[in-house]
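Structure, as structure tokens:
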Amino acid sequence: MSDASVDPDEVRHVADLARVALDEEEVTRFAEQFVEILAHFDSLDEVPEVDRERELVNVMRPDETRACLSQEEALANAPETEDGYFKGPRVS
Amino acid sequence: MGDLNAFITEETIEGADDGPLAGRTVAVKDNISTAGVRTTCGSAMLEDYVPPYDATVVERLTAAGATVVGKTNMDEFGMGSTTETSAYGPTENPAAPGRVPGGSSGGSAAAVAAGEADLALGTDTGGSIRNPAAFCGVVGIKPTYGLVSRYGLVAYANSLEQIGPLAPTVEEAAELLDVIAGPDERDATTRDASEARDDPDGRAAADYASAADGDVSGTTIGVPTELVEGADGGVVEAFEAALDDLRAQGAETVDVSLPSVERAVAAYYVIAMSEASSNLARFDGVRYGVSASSASGGSEDERSESSAVSGGYEGNWNDAFARSREAGFGEEVKRRVLLGTYALSAGYHDKYYAKAQDARAWVARDFDAALSEADVLASPTMPVPPFERGESLDDPLQMYLADVNTVPINLADLPAISVPAGETDGLPVGVQFVGPAFGEREIVRVGSALA
Numbered sequence: 006m007s008d009a010s011v012d013p014d015e016v017r018h019v020a021d022l023a024r025v026a027l028d029e030e031e032v033t034r035f036a037e038q039f040v041e042i043l044a045h046f047d048s049l050d051e052v053p054e055v056d057r058e059r060e061l062v063n064v065m066r067p068d069e070t071r072a073c074l075s076q077e078e079a080l081a082n083a084p085e086t087e088d089g090y091f092k093g094p095r096v097s
Numbered sequence: 002m003g004d005l006n007a008f009i010t011e012e013t014i015e016g017a018d019d020g021p022l023a024g025r026t027v028a029v030k031d032n033i034s035t036a037g038v039r040t041t042c043g044s045a046m047l048e049d050y051v052p053p054y055d056a057t058v059v060e061r062l063t064a065a066g067a068t069v070v071g072k073t074n075m076d077e078f079g080m081g082s083t084t085e086t087s088a089y090g091p092t093e094n095p096a097a098p099g100r101v102p103g104g105s106s107g108g109s110a111a112a113v114a115a116g117e118a119d120l121a122l123g124t125d126t127g128g129s130i131r132n133p134a135a136f137c138g139v140v141g142i143k144p145t146y147g148l149v150s151r152y153g154l155v156a157y158a159n160s161l162e163q164i165g166p167l168a169p170t171v172e173e174a175a176e177l178l179d180v181i182a183g184p185d186e187r188d189a190t191t192r193d194a195s196e197a198r199d200d201p202d203g204r205a206a207a208d209y210a211s212a213a214d215g216d217v218s219g220t221t222i223g224v225p226t227e228l229v230e231g232a233d234g235g236v237v238e239a240f241e242a243a244l245d246d247l248r249a250q251g252a253e254t255v256d257v258s259l260p261s262v263e264r265a266v267a268a269y270y271v272i273a274m275s276e277a278s279s280n281l282a283r284f285d286g287v288r289y290g291v292s293a294s295s296a297s298g299g300s301e302d303e304r305s306e307s308s309a310v311s312g313g314y315e316g317n318w319n320d321a322f323a324r325s326r327e328a329g330f331g332e333e334v335k336r337r338v339l340l341g342t343y344a345l346s347a348g349y350h351d352k353y354y355a356k357a358q359d360a361r362a363w364v365a366r367d368f369d370a371a372l373s374e375a376d377v378l379a380s381p382t383m384p385v386p387p388f389e390r391g392e393s394l395d396d397p398l399q400m401y402l403a404d405v406n407t408v409p410i411n412l413a414d415l416p417a418i419s420v421p422a423g424e425t426d427g428l429p430v431g432v433q434f435v436g437p438a439f440g441e442r443e444i445v446r447v448g449s450a451l452a
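For the protein sequence lines, the chains are W and H, in the order given. Just so you know, the first sequence maps onto residues 6 to 97 in this note's numbering. Just so you know, the second sequence maps onto residues 2 to 452 in this note's numbering.
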């Protein structure tokens, strides 16, 4: 279980990777909860290696053009658009 | 209708004039797309999201003559077992006042239990149809992976989830399954049940209602000891009484063992959270969802000043993205996205994600072995009666552990039905029957002998 020590900095790092801003209270609470949850996940160490035989079928097909959403429909839920495009924040 | 808070949106979508479901009303879980009717997934992120198209199951419902009466409440993005993580408030359990209706399809189960809809659709990633069916005293079916199209379902964990029916009786649930089952070229994971299963009577496809004949004479029911011994005493009593009933009707019961299920909850949560962290990356507040400009944080001045700035927020893409998700996601969703990101991150992928896939294969192998000794398997659906409201919110691990009997079935891709089996201290108990892949007729038949 030694692996399952989670400090607030680690929570902040993962939140940064996941692009989720957190407030300090959430960081503290998550750090405590993650110790317990990851300790439970550590029980997977005892699982034997098992190969699963799956019956897989190839479902690929040649590309073909089909009807799709109109530009107007695709943009209908966007908070901001401009000249028929999605409008997003600066990339850097 | 507002009393139970079973619906997030009450809007009617008329079906065709005739068909097998003509005259029936159906409630649809709010993570299933309905063209022109908002679909929130129980999340503030999608408060104003209106899908431009129907999910395949909704097309099939309306073509079969059903009338959709609304979109039901649910744990946010399906993440929860109580319907309390919804951004639209909790749903009341009509069968057990003051208790949770289960989840995540709690609104669908409550609507059926209270007669606010004749039938309902839910989704089941780790028990989200069977758990609320058990807690609300109705029937719910989690179909075999690949039986029902997920086109138009807002994805949470693709390798695990299925859409399925909730209804007052086994026969009605099977009738709804008849309508929604079957291959769909828009979901490449769907299969034709008759082809997928070597079916002696050739009726595996879309003929489930006729299997609800209650005939269990000669049926062998395997009872996995691991799924019974940890359960609450009153739940076990109700479960044993159901087995007595089935034996009296000519079924035989045998003990079977599933040693792998001890690791199923850990494996399930690692896989589901990992897939969720990837799936939910699409919610960036640009194409849909809460934009950073309407998100909390930043002064009014800053926001109005920045309205000319792309994204409405004076920061870079990553900051805006993180801000939008802070505002749009509730705590359980953030918890799962973070844990999933952690489990997939460098240094931890092999320790958590790869081992969870091993455990999944182990669980599948165990079920294959058990189902070679029995026609179906039986266990309590939930090891406990419905929780009191608020009971499990502060302790996420305890909530996850209550899924011990339902998650193994999703890991093994198998079909399962939850059927009411009496009460303990006035609280509903459900019994779960698990069948072989595409063996829906078997579980419908055994379930119909009880309810």
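Glycine included, each C-beta is placed from N, C-alpha and C at the ideal position. Source: prediction; values computed, not measured.
Taking the Cα positions, Ser195/H is about 13 angstroms away from Asp179/H. Using a Cβ-Cβ distance cut-off of 8 angstroms, the stretch 340-352 of chain H and the stretch 227-234 of chain H are not in contact, since fewer than three pairs of beta carbons, one from each stretch, lie closer than that value. Leu61/W sits exposed, since fewer than 16 C-beta atoms from the chains shown fall within 10 Å of its C-beta. A Cβ-Cβ contact shorter than 7 angstroms links Thr382/H with Arg131/H. Counting only runs of 4+ residues, the alpha helix (DSSP H) found wholly inside the stretch 328-411 of chain H occupies 332-345, 356-371, 397-402, in chain order. Shown here, Gln433/H sits in a strand according to DSSP, grouped into three states. Under the three-state reduction of DSSP, Ile272/H is assigned to helix. A contact is defined here as three or more CB-CB pairs under 8 angstroms, and the stretch 11-31 of chain H meets this definition with respect to the stretch 72-92 of chain H. If you check each beta-carbon in the stretch 19-30 of chain W against every beta-carbon of chain H, the ones closer than 9 angstroms belong to Val19, Ala20, Asp21, Leu22, Ala23, Arg24, Val25, Ala26, Leu27, Asp28.
For the stretch 43-64 of chain H, residues whose beta-carbon sits nearer than 7 angstroms to a beta-carbon of chain W comprise Tyr50, Val51, Pro53. CA-CA distance, Gly116/H to Gly24/H, rounds to 14 angstroms.
Only exposed fits Cys73/W, as fewer than 16 other CB atoms lie within 10 angstroms of its CB. When DSSP states are grouped into helix, strand and coil, Ile42/W belongs to the helix group. According to DSSP, residue pairing for Asp49/H in a beta bridge does not occur.
In terms of beta-carbon proximity, Ser10/W stays away from the interface with chain H, with every pair separated by 7 angstroms or more.
The three-state reading of DSSP puts Thr190/H in coil, since its state is none of H, G, I, E or B. The stretch 229-284 of chain H is shown to contain whole alpha helix (DSSP H) runs of 4 or more residues at 234-249, 265-280, in chain order. Here the C-alpha atom of Tyr354/H lies approximately 36 angstroms from the C-alpha atom of Arg61/H. Under the three-state reduction of DSSP output, Val27/H falls in the strand class. Residue-level contact by beta carbon holds for Val271/H and chain W, with a gap shorter than 7 angstroms. Residue pairing by DSSP places Gly223/H opposite Val255/H, Leu378/H in a beta bridge. In this chain, Pro421/H is not harboured by any alpha helix (DSSP H); it is covered by the beta strand (DSSP E) spanning 417-425.
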